[in-house]
Amino acid sequence: MDLGLMAVSLPKLLSATVVTLKLLSLSLFFGLIIGFIFATLRLNKNPIINKLAYGYSYVFRGTPLLVQIFIIYFGLGQIEYFRSTFLWVVFKEPYWCAIIAFALNTGAYTSEILRSAFETIKPGIIEAGKSLGISSKIILYKIQIPVAIRQSLPAYGNEIILMMKGTSLASTVTIIDLTGAAKHIVSTTYKPLEVFLLAGGIYLFMTFLIHNLIKYLEKKYSFQ
Amino acid sequence: MDLLSFGKTGWGDELFFATLMTIAVSITALLIGFLFSLIFTPLKLSNNKFLNFVANFYTTIIRGVPELLVIYLFFFGGSGAIMYVASIFGYFEYIEINAFITGSVAIGIISGAYSTEVFRGAIQSIDKGQFEACKVLGFKKNIYFLKVIMPQMLRLAIPNLSNVWQITLKDTSLISVTGLVEIMRQSYIAAGSTRDPLFFYSFAAVLYLMLTFFSMKLINKLEAKYSRGF
Chain R
1 MDLGLMAVSL PKLLSATVVT LKLLSLSLFF GLIIGFIFAT LRLNKNPIIN KLAYGYSYVF
61 RGTPLLVQIF IIYFGLGQIE YFRSTFLWVV FKEPYWCAII AFALNTGAYT SEILRSAFET
121 IKPGIIEAGK SLGISSKIIL YKIQIPVAIR QSLPAYGNEI ILMMKGTSLA STVTIIDLTG
181 AAKHIVSTTY KPLEVFLLAG GIYLFMTFLI HNLIKYLEKK YSFQ
Chain H
225 MDLLSFGKTG WGDELFFATL MTIAVSITAL LIGFLFSLIF TPLKLSNNKF LNFVANFYTT
285 IIRGVPELLV IYLFFFGGSG AIMYVASIFG YFEYIEINAF ITGSVAIGII SGAYSTEVFR
345 GAIQSIDKGQ FEACKVLGFK KNIYFLKVIM PQMLRLAIPN LSNVWQITLK DTSLISVTGL
405 VEIMRQSYIA AGSTRDPLFF YSFAAVLYLM LTFFSMKLIN KLEAKYSRGF
């Protein structure tokens, strides 16, 4: 064990951790929006809309995240027409490609989590609201959404942790995130054990924080 | 479609063998994972605090660290560690470990952490009366585990094990970074030499989708078999 190397590489890894956290928060933000949209589409009674939304989540949950990043980063740039549109400004940056891939991926999982949360709301709660003469809009905002959020918290917490681990794939498209920085240091020092263990420790610490945050939120919003 | 033809001009046969490689790595990793959960599930369920700690340490660490990092650690650190052990025994030559073995062991350790949790949950949700009844009837420990607990546990575990299988299958795509020629690596090679990444990566996605689709069909059949009578 080379403790000196660990001490030297810690600041480098910590500054790369900021990149990881940025990737995580941005993709979770966009993923949540996508998830909400597709969850409502999944609950739509029209079978075509329903099937399309299911197809989206099936494809993104059934293929590895690595393939999705590669298609978006390496694949889309190949289309000549695409490169002439304004979208190319976004898609030529590996950083945004990674965020788009992560957001679409986590959006698929989030839509499933939210859908099942909405479906498991006891109809009695909604009926109680209706019989009290509350308008359906207020039932949605004041009853259905809060209950669904509480219902989906444990599963969504897992999804946040999975996504945090997923951001390590950003290093495959030249982004220097925590994994990327660790690999870079290893390639110059040939000390894989020390550096990767240190990076693993930082990831573990983040998992620990997220886990406890979700636990706290679950307690705060519990039904009792 | 020319690109997918079999033989020297197309990539069809290469991708076909790459798919077989993905399946082989996934199954090996899943089995290695089962082996790990065979060790760690009893530790998790034991009353000994230290053994509990060991098992929790394993599952928490593996599930809290990115898979890619575990694979890097194994691939870059693995041969170094083995060479160190070998040097103790007086062997100083360079040792290179096969990418298939490193890859499936790395993925197997990850998969084992997930399946340990699944088995633990399944055994814990079996009614306590079942264990007590076995004791009252004076069954030997290995017989009651095999004949009473195991069949009930499998019924409860199979739906979650199918998740573990999917995670394992998708994680094998990460082994491509070590150079093992599975679907992802083969698509990377093909995309590089034909300059057609969009087609090959999309085709890789289709291959993975097909694998998950057909394996789900198979698992559903298994599930139906084990939930007879419920």
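Top to bottom, those sequences are chains R and H.
Using the numbering used here, the first residue of the first sequence is number 1, and each one after it goes up by one.
Using the numbering used here, the first residue of the second sequence is number 225, and each one after it goes up by one.
From the three backbone atoms N, C-alpha and C, an ideal C-beta is built for every residue, glycine too.
Only a predicted model underlies this, so the values are computations on that prediction, with no experimental measurement involved.
Within-7 Å CB hit, residue i to chain R
| i | result |
| --- | --- |
| F300(H) | yes |
| P421(H) | yes |
| T418(H) | no |
| T436(H) | yes |
| A310(H) | no |
| A428(H) | yes |
| V342(H) | no |
| Y318(H) | no |
| Y425(H) | yes |
| L433(H) | yes |
| S397(H) | yes |
| Y315(H) | no |
Chain H within 7 Å of residue i, Cβ atoms only
| i | result |
| --- | --- |
| V89(R) | no |
| S168(R) | yes |
| T174(R) | no |
| P64(R) | yes |
| Q144(R) | no |
| L32(R) | no |
| K51(R) | no |
| I69(R) | no |
| P154(R) | no |
| L23(R) | no |
| K165(R) | yes |
| T179(R) | yes |
Spatially closest choice to residue i from the options, by CA coordinates
| i | options | result |
| --- | --- | --- |
| F74(R) | Y95(R), G55(R) and F38(R) | Y95(R) |
| Q348(H) | N366(H), S270(H) and G453(H) | S270(H) |
| G302(H) | T326(H), F363(H) and A414(H) | T326(H) |
| F424(H) | I72(R), V59(R) and Q144(R) | I72(R) |
| K92(R) | S84(R), P192(R), Y221(R) and G77(R) | G77(R) |
| I321(H) | F299(H), G231(H), T340(H) and L370(H) | F299(H) |
| F258(H) | G234(H), L385(H), N272(H) and V278(H) | L385(H) |
| G180(R) | T188(R), L169(R), A53(R) and Y190(R) | L169(R) |
| M377(H) | Y450(H), F281(H), F241(H) and K268(H) | Y450(H) |
| L244(H) | T418(H), L404(H) and M440(H) | L404(H) |
| F60(R) | Q390(H), R452(H) and R379(H) | Q390(H) |
| T392(H) | A429(H), R409(H), G353(H) and S339(H) | S339(H) |
| M164(R) | S84(R), P11(R), K22(R) and P154(R) | K22(R) |
| K238(H) | R409(H), A381(H), L442(H) and L361(H) | One detail in the question is off: residue 238(H) reads as Glu in this sequence, not Lys. Considering only alpha carbons, the answer is R409(H). |
| I33(R) | A7(R), L104(R), G4(R) and I49(R) | L104(R) |
| L380(H) | T396(H), L433(H), G353(H) and E341(H) | E341(H) |
| M1(R) | K215(R), P192(R) and I214(R) | P192(R) |
| L65(R) | A101(R), I49(R) and S84(R) | A101(R) |
| T402(H) | F260(H), S439(H), L275(H) and V329(H) | V329(H) |
Spatial neighbours of residue i in its chain, beta-carbon cut-off 7 Å, leaving aside the 5 residues before and after
| i | result |
| --- | --- |
| C358(H) | Y368 and V372 |
| N304(H) | Note on identity: in this sequence residue 304(H) is Gly, with Asn being the wrong assignment. Excluding positions up to five away in sequence, the list is empty. |
| N444(H) | none |
| W88(R) | F82 |
| E80(R) | none |
| G236(H) | L228, S229 and F230 |
| T17(R) | L178 and I202 |
| N310(H) | Per the sequence shown, residue 310(H) should be read as Ala rather than Asn. Same-chain partners within the cutoff: I319. |
| I125(R) | I143 and V147 |
| A337(H) | Y282, T283, I286 and R287 |
Residues near residue i by beta carbon distance below 6 Å, same chain, minus five either side
| i | result |
| --- | --- |
| P421(H) | A415 |
| L398(H) | E291, L292 and I295 |
| A53(R) | F38, L41 and R42 |
| S9(R) | I185 and V195 |
| S57(R) | A108, S111 and E112 |
Close-in-space but distant-in-sequence residues of the same chain around residue i (CB under 8 Å, 5 per side omitted)
| i | result |
| --- | --- |
| I247(H) | L435 |
| S222(R) | R150 |
| P11(R) | none |
| I350(H) | I373, Q376, M377 and L380 |
Cβ-heavy atom distance, residue i to the ligand MG, below 6 Å
| i | result |
| --- | --- |
| F205(R) | The ligand MG is absent from the structure shown, which contains no ligands of any kind. |
Rounded distance between the beta-carbons of residue j and residue i, thought under 8 Å
| i | j | result |
| --- | --- | --- |
| V278(H) | L267(H) | 6 Å |
| V19(R) | D177(R) | 5 Å |
| V173(R) | A98(R) | 6 Å |
| S411(H) | F427(H) | 7 Å |
| L209(R) | L13(R) | The Cβ separation is near 16 Å, so there is no contact. |
| E406(H) | V249(H) | 6 Å |
| T396(H) | I331(H) | 6 Å |
| L433(H) | T63(R) | 6 Å |
Open item on the list: Contact between the stretch 251-262 of chain H and the stretch 159-179 of chain R is defined here as three or more beta-carbon pairs at a separation below 8 Å; is this criterion met?
Closed with: no
Open item on the list: Using 8 Å as the cut-off, can you tell me whether the stretch 20-34 of chain R makes contact with the stretch 121-136 of chain R, which would need three or more C-beta pairs spanning the two stretches below that distance?
Closed with: no
TODO: Please confirm if the stretch 286-298 of chain H is in contact with the stretch 203-212 of chain R, defined as three or more CB-CB distances below 8 Å between the two stretches.
DONE: yes
TODO: Would you check if the stretch 148-157 of chain R and the stretch 117-125 of chain R touch, i.e. whether three or more CB-CB distances between them fall below 8 Å?
DONE: yes
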